[in-house]
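Novice:
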Amino acid sequence: MSPNSQPVQEVLPAGTVLIVGGGPVGLALATVLSHHNVRSLLLERNETTTRWPKVDLTNPRTMEMFRRLGLADELRARGVPSHFPFTVLISSGLGNEKALTKWQLPSVDEYRAQIKASNDGSQPRESWQRISLIVFEAWMKELCVKNEMIDARFGWKVESIEERDGRVRTVASCSKTGATTEILSDYAVGCDGASSKVRKSLGIQLDGGPLRGQVLLVHFKSKDLTRLHAQGYFWHIFFVREPGVYSGALIAQDEVDQWTIHYSLPLDTDTSKIGSEEAVYTVLGGLKGRYEIKIDEILVRSVWRPNIAVAQTWTSPGQRVFLAGDAAHQNVPTGGYGMNTGIADAYNLGWKLAAAMQYGGAGLLRSYDSERIPVAVRVMQHSKAHTKVHTSITQFFQGVDPHVIDRPTEDGVALRKRVHEYYQKNDGEHKHKGIEMGYIYESEILQTPGSGSKPVWQEYEYIPSTWPGNRAPHVFLTDGSAIFDHFGKDWTLVSFIDNIEDHSVKLLLDAANTLRIPVKHVDISGERHARKVWQRDLVLVRPDEHVAWRADSIQDLIEAQRILEVAVGLRPAENGVENASNRVWDMSTSVADVEASANEHIRDFIAKL
């Protein structure tokens with residue numbers, strides 16, 4: 001295009017959302033919007049999906065989301081078979097007969113049995129699933145390209161984006177033709193990664209930054225299973241190397257022949273002088289020194305730096321542009337929170353955008369920051385804490401020959417015992433249900449009930465509760481079906497009322513009809529166990545399975561309308577929760593219990609990491 005020519009202008013139809021970034025979060029957002037009958041245009045600068053195995057786990061909460069989208073079984077068919085274990089080994093090197101210790105995490109099959117056996121509301125509806133990001137992204141792209149509600153354009157780079165006069169102006173160029181297009185849309189979402197052009201164009205600052213050190217990633221093929229499984233089957237192995245420091249990890253990607261090492265190195269290391277094969281041998285060898293295996297192919301290698309950061313806001317001033325995924329927050333990969341948190345962003349924002357365009361009010365979009373930023377901050381804290389579990393292994397080798405740990409001596413036995421006890425005490429990685437599904441949203445569209453008490457958040461457990469903002473508890477009903485599977489695509493009113501003279505349900509459904517809010521009524525009045533877990537006779541569940549409101553009855557149509565108007569953002573709650581946006585960082589369970597501005601609070605938090 002010549003310097004004087006103007007870009008072609010493309011005006012998106014009303015109700016079409018522009019998505020910048022076709023990674024897992026952008027693809028998930030397009031899918032969620034389609035589920036709610038909203039069209040999207042997705043722009044991704046790369047022609048193809050990723051070759052980097054940056055993710056290998058979709059956690060139970062994410063799998064619940066994919067179940068609601070009708071995609072859980074299809075996802076599992078592409079992942080690691082359900083019988084393979086999730087064993088995590090801690091090793092001083094594969095040259096030793098045994099690992100130092102292990103975390104024995106359940107396979108998908110074992111997790112499913114656990115869910116069936118514990119019908120107390122504390123379990124997820126779905127177990128987790130191992131799947132490489134390489135496979136996941138390619139599958140999601142295929143789904144989006146085939147979806148008539150999604151215009152997926154790969155090879156399109158966004159140059160700039162701005163909010164102007166109640167619309168969004170985006171300039172993008174096509175890598176194949178070189179043509180530049182100005183795209184006008186009602187809404188846009190930046191899912192374009194840590195170096196987000198959308199975030200930078202809007203002038204939104206990040207608090208935080210890279211941590212000390214760097215990591216060399218090598219993704220390779222090998223069928224040398226005898227040597228790779230010298231200490232037994234595994235999902236991850238974390239290694240110790242000279243002089244008794246955390247070395248890195250080996251990840252089994254597909255239980256066939258694909259593996260990845262992450263080699264932790266000082267920042268001043270010249271990684272160009274480290275061969276890919278040599279890096280693999282060094283990590284696997286641990287304290288023993290090089291441990292050679294037959295490598296069939298080096299697929300990719302890269303160097304990355306751990307990053308802890310969060311955007312100061314995820315919403316533009318006019319509520320037309322939003323951030324999600326790594327564009328909004330970044331954390332270290334331990335715990336597997338990164339992509340899962342980003343998909344939860346998309347799941348939260350997707351239904352709100354749809355509802356705001358179809359029947360809801362401005363409060364829906366205002367609630368996005370209030371609800372999602374505290375979750376991201378808590379995830380940042382815990383991913384860093386999981387990393388420290390491994391890096392703090394040095395404490396056991398201070399002033400000690402690290403090789404003692406591999407010797408059959410009294411000192412060696414004692415040192416192995418201390419390391420074993422340390423890792424068993426600090427085993428929260430992939431066990432923190434509270435992080436994955438126990439967060440309780442607070443925002444102006446959530447109504448604090450007049451009675452009862454808010455559940456006390458716990459790291460390891462999801463506390464089953466229908467307190468507004470909590471994820472609704474999963475239980476199996478007497479016919480064997482799951483309560484989640486009875487929910488509607490949009491809103492669901494679950495009732496346990498067996499008094500025929502109580503008109504609460506009719507009042508709420510009449511109000512929903514007046515306000516044009518799609519609500520499915522699920523009457524399970526005979527389900528005593530579910531009623532005990534759910535705690536109230538009436539529970540209004542949002543499209544993202546979080547509770548919007550609960551009570552035992554209501555008095556009149558005016559009350560019913562007020563309840564629904566708050567839930568869909570047409571009016572703020574009247575009980576103080578509407579101020580949650582001003583208290584985003586006041587989270588005693590994740591940061592200091594300090595009254596401070598958002599920026600001061602997050603900077604203080606990151607400084608302590």
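UniProt numbering numbers the first residue of the sequence shown as 1 and each following residue consecutively. No residue lacks a Cβ here, since even glycine has one placed at the ideal position from N, Cα and C. Computed from a predicted model, the values in this text were never measured in an experiment.
Could you check whether the segment 425–444 touches the segment 465–475, counting it as contact only if at least three pairs of C-beta atoms, one from each stretch, sit closer than 8 Å?
Specialist: Yes: at least three Cβ pairs fall under 8 Å.
Novice: Compute the Euclidean distance between the alpha carbons of residue 579 and residue 290, then round it to the nearest angstrom.
Specialist: The predicted model places residue 579 with a pLDDT of 38, which falls under 50 and marks its position as unreliable, so this point remains unresolved.
Novice: Classify residue 256 as buried or exposed, calling it buried when 16 or more other Cβ atoms lie within 10 Å of its own Cβ.
Specialist: Exposed is the call here.
Novice: Excluding the five sequence neighbours on either side, which residues of its own chain have a C-beta within less than 7 Å of the C-beta of residue 462, listed in chain order?
Specialist: Taken in chain order, the residues that qualify are 122, 433, 434, 437 and 438.
Novice: For residue 534, does the three-state DSSP call read helix, strand or coil?
Specialist: In the structure shown, residue 534 sits in a helix (DSSP, three-state: H, G or I).
Novice: What ranges does the alpha helix (DSSP H) occupy inside the segment 124–194, keeping only unbroken runs of at least 4 residues that lie completely in it?
Specialist: 133–146, all fully within the segment 124–194.
Novice: Measuring CA to CA, which of 104, 83, 80 and 82 is closest to residue 89?
Specialist: Minimum Cα distance to residue 89 is reached at 104.
Novice: Please report the residue range of the beta strand (DSSP E) in which residue 53 lies.
Specialist: Counting along the chain, residue 53 falls outside any beta strand (DSSP E), and DSSP gives it neither H nor E.
Novice: What do you get for residue 233, buried or exposed, if any count of 16 or more other CB atoms within 10 angstroms of its CB means buried?
Specialist: With fewer than 16 other Cβ atoms within 10 Å, it is exposed.
Novice: Would you kindly work out how many angstroms separate the C-alpha atoms of residue 454 and residue 416, rounded to a whole number?
Specialist: So the alpha carbons of these two residues sit roughly 42 Å apart.
Novice: With C-beta atoms as the reference, is residue 43 less than 7 Å away from residue 156?
Specialist: Yes, the pair counts as a contact, with Cβ atoms nearer than the cut-off.
Novice: Could you name the residues of the same chain whose beta carbon sits closer than 7 Å to that of residue 318, not counting the 5 residues immediately before and after it, in chain order?
Specialist: Closer than 7 Å at the Cβ level, and outside the excluded window around residue 318, lie 163 and 166.
Novice: Does the segment 174–191 touch the segment 14–31, meaning 3 or more C-beta pairs lie closer than 8 Å?
Specialist: Short answer: they touch.
Novice: Smallest Cα separation from residue 304: which of 325, 316 and 267?
Specialist: For residue 304, the nearest C-alpha among the options comes from 267.
Novice: Since residue 61 and residue 124 are thought to touch, with beta carbons under 8 Å apart, how far apart are those beta carbons, to the nearest angstrom?
Specialist: The Cβ separation is near 6 Å, so the contact holds.
Novice: When you compare only the Cα positions, how much space is there between residue 548 and residue 563?
Specialist: If you take the alpha carbons of residue 548 and residue 563, they lie about 9 Å apart.
Novice: Leaving aside the five residues before and after residue 459 along the sequence, list all residues of the same chain whose C-beta is less than 7 Å from its C-beta, in chain order.
Specialist: Counting only Cβ-Cβ distances below 7 Å, and skipping sequence neighbours, we find 428, 432, 434 and 435.
Novice: For the candidate residues 516, 397, 284 and 70, whose alpha-carbon lies nearest to that of residue 412?
Specialist: Selected option, being the one with the closest Cα: 397.
Novice: Quick one: which unbroken alpha helix (DSSP H) runs of 4-plus residues sit fully inside the segment 5–71? Chain order, please.
Specialist: Counting only runs of 4 or more, we get 24–35 and 60–68.
Novice: Are residue 348 and residue 330 touching if we call contact CB-CB under 7 Å?
Specialist: No, the Cβ-Cβ distance between residue 348 and residue 330 is not below 7 Å.
Novice: Tell me the rounded alpha-carbon separation between residue 350 and residue 509.
Specialist: Approximately 24 Å, taken between the alpha carbons.
Novice: Label residue 208 either buried or exposed according to how many other C-beta atoms from any shown protein chain fall within 10 Å of its C-beta, with 16 as the threshold for buried.
Specialist: Its Cβ being crowded by 16 or more others within 10 Å, residue 208 is buried.
Novice: Runs of 4 residues minimum, wholly inside the segment 260–292: which ones carry the alpha helix (DSSP H) assignment?
Specialist: DSSP runs (the alpha helix (DSSP H)) wholly in the segment 260–292: 276–285.
Novice: Going straight from the alpha carbon of residue 57 to that of residue 131, what length do you get?
Specialist: Between residue 57 and residue 131, the C-alpha separation is close to 6 Å.
Novice: With DSSP as the reference, label residue 210 as helix, strand or coil.
Specialist: Correct three-state label for residue 210: strand.
Novice: Quick check: the Cα distance between residue 588 and residue 386, rounded to an integer number of angstroms?
Specialist: Any reading at residue 588 is ruled out, since the residue's pLDDT is 30, under 50, leaving its predicted position unreliable.
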